[in-house]
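There are 2 protein chains.
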Amino acid sequence: MWADVSAVQVYEQEEVQKLTERQKDILDAALRLLVEDGDNLTMAAVARRAKCSKESLYKWFGDRDGLLTATVRWQASKVRVVPVDQGRPDLMSLTESLESYARDWLKVISSDTSVALNRVAISHAGSGRDKLGEIVLQNGRFALASRLKPVLDAGKRAGLLVFEDAETAFRTFFGLVARDVQIRLLLGDWPGMTEAAIEEDAARATRQFLALHGAGKGQQAE
Amino acid sequence: MWADVSAVQVYEQEEVQKLTERQKDILDAALRLLVEDGDNLTMAAVARRAKCSKESLYKWFGDRDGLLTATVRWQASKVRVVPVDQGRPDLMSLTESLESYARDWLKVISSDTSVALNRVAISHAGSGRDKLGEIVLQNGRFALASRLKPVLDAGKRAGLLVFEDAETAFRTFFGLVARDVQIRLLLGDWPGMTEAAIEEDAARATRQFLALHGAGKGQQAE
DNA sequence: CTGGAACCGTAACGTACGGTACGGTTGTCG
DNA sequence: CGACAACCGTACCGTACGTTACGGTTCCAG
């Protein structure tokens, strides 16, 4: 059956990374292969790339699925961004904050690794046990929401923003930022997300969001 | 090698559906399997479900990829929607038109078949030859754009809408409508897209879009 | 030095599945 | 009826890959 279940379990249930350096190297190798070849990476390929034995792979990660989830979780843990908390922002700093989040988010979703990870998670979401989709979603869209909502609430308290529900306000912001970028990238289209385009998109999305939910304009469409 | 390349080729290069009823039945069966089981459908399973021989499958569609693309193309050809062209709309009919598009789009992307098709297309986008991604994108997001742009242009000519570029205006609308719905569905999350929620979202997105690009308000954030 | 744990490299096994071959059946045309 | 094409059902083949097994090497602990 299995070999060392406890290691995998304790690793999967908590963000405490009980990973040796060697294992991190292996996950990095798996991640690189995932980016290069997509979901059709083989255990043999990972072992070859990471210069380890297949036996170790199975001992450490249980099976192929375990390796995949460990890889996704490993990458997800790396993109943890520090939240920018602000007590009582003025319009300038709020704008800058929103733009910064928009920029970061666009940078993330247009990165090779994000595309690869989302692809493999989506592939697995179709086939029974998801798990991967939940991890990606949790560390992507939901993490962004939980980091952004305090900013929105602060803006509301400061009288700079007007909205009923932080959740729906966030989703509006999300839509204005992401638009069709992510789905196009996932489907293999290339909407040309250069550094400059990201900068411009972030500014535009922020401007639009403030036009909808900014105070002082009198009209908010919600 | 192959069996009857010409049939597949002529079918794939043109929208002229040279498909017998039998073949359509088979593609429908494949589509149902795709919705149920995801990308891991086997040729044997399709043959069993459609009560045909594997030999016929290979004769008609070449190989597994051919069957998949034929299925995607077949489904895509079914959701062709009639464009609502309008010469010189008033605000009421423009609003109704936008809402209707938003409603349809939300209904499409939250449908089982759309989710399944996008999943398989995304899975394949990772592995070398895309093709599927292009088809899905062409009949999804780009078809929507080409149907919606005339409406936007008409609104602009009628002095109801203000925007520079129809493309970016469309993308804003797209973002306001779709928000995080599609990616969450693809990743196995269920944002609860009931009939009522769709109705409400479409109205909200249209309201927000008009707040950004409607004339008479004086401010458009682009 | 020695025993043993951890690990590498590779070979081997089992199976699932894409693809092919073939005999049997049905339908059609002359 | 006879010839023939289309097609079904099934058996078969080859291979790729997940998983396991095992001998050899390195590296400490005692």
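As you go down the protein sequences, you meet chains E and V in turn.
Residue numbers are given in the working numbering: position 19 of the first sequence equals residue 12, and the series is strictly consecutive.
Residue numbers are given in the working numbering: position 105 of the second sequence equals residue 98, and the series is strictly consecutive.
A virtual CB, placed ideally from N, CA and C, is assigned to each residue, including glycine.
Judged by pairs of C-beta atoms under 8 Å, the segment 112 to 127 of chain V does not touch the segment 41 to 51 of chain V, as fewer than three such pairs exist. The DSSP-derived three-state label of E:GLY152 is coil. By a beta-carbon distance limit of 8 Å, V:ALA171 contacts E:GLY168. Their separation comes to about 6 Å. Within the segment 49 to 118 of chain E, the complete alpha helix (DSSP H) segments at least 4 residues long are 57 to 71, 84 to 102, listed from N- to C-terminus. For the C-beta of V:LEU130, the chain E residues within less than 7 Å are, from N- to C-terminus, ARG177, LEU180, ASP182. Remark: C-beta atoms of E:LEU205 and V:GLN201 approach each other more closely than 8 Å. Note that the C-beta distance between E:GLY119 and V:GLY31 is below 8 Å. DSSP places V:GLY185 in the coil class of the three-state scheme, outside both helix and strand. The C-beta of E:ILE191 comes no closer than 8 Å to any C-beta of chain V. When the beta-carbon positions are compared, E:LEU141 and E:LEU154 stay at least 8 Å from each other.
Comparing C-alpha distances from E:ALA136 to each of E:ARG112, E:GLY148, E:ASP97 shows the shortest one belongs to E:ASP97. E:GLY207 sits in a strand when the DSSP states are folded into three classes. For a Cβ distance threshold of 9 Å, residue set GLY168, ARG172, ASP173 of chain V lies close to E:PHE167, ordered along the chain. Contact annotation for E:SER104 against chain V: no contact, minimum CB-CB distance about 15 Å [criterion: below 8 Å]. Within the model, the alpha-carbon separation for E:ARG177 versus V:VAL174 is close to 15 Å.
Apart from sequence neighbours up to five positions away, the residues of its chain that approach V:GLU92 with a beta-carbon distance below 7 Å are ALA195, ALA196, THR199, ordered along the chain. Neighbours of V:GLU127 in chain E, taken as residues at a C-beta separation under 9 Å, are given in chain order as LEU180, GLY181, ASP182. Within chain V, no C-beta atom comes nearer than 8 Å to that of E:GLN68; the closest sits roughly 15 Å away.
Annotated as proximal: V:VAL129 and V:LEU110, with beta-carbon spacing under 8 Å. DSSP, reduced to helix, strand and coil, places E:SER120 outside both helices and strands of the structure shown, so it counts as coil. Closer than 8 Å at the C-beta level to chain V, one finds these residues of the segment 26 to 55 of chain E: ASP30, GLY31, ASP32, ASN33. At least one beta carbon of chain E lies nearer than 8 Å to the beta carbon of V:ILE115.
If you look at V:LYS17, you'll find it in the alpha helix (DSSP H) that goes 14 to 30. Counting only Cβ-Cβ distances below 8 Å, E:GLY185 has no contacts in chain V at all, with the closest Cβ about 13 Å away.
With contacts defined as CB atoms closer than 8 Å, V:GLY152 and V:LEU87 fail to qualify as a contacting pair.
Against chain V, the CB of E:ALA151 has no partner CB under 8 Å away; the residue lies outside that interface. In this structure, the CA atom of V:TRP183 is about 15 Å from the CA atom of V:ALA189. Close CB contacts of V:PHE156 within its chain, under the 6 Å cut and outside five residues either way in sequence, are with ALA162, HIS206 (chain order). Approximately 16 Å separates the beta-carbon atoms of E:LEU60 and E:ARG112; this is outside 8 Å, ruling out the contact. For the segment 134 to 145 of chain V, the beta-carbon criterion of a distance under 7 Å to any beta-carbon of chain E is satisfied by ARG134.
Within the same chain, VAL39, ARG42, ALA43 come within 7 Å of E:ALA22 by CB-CB distance, once the 5 residues on both sides are set aside.
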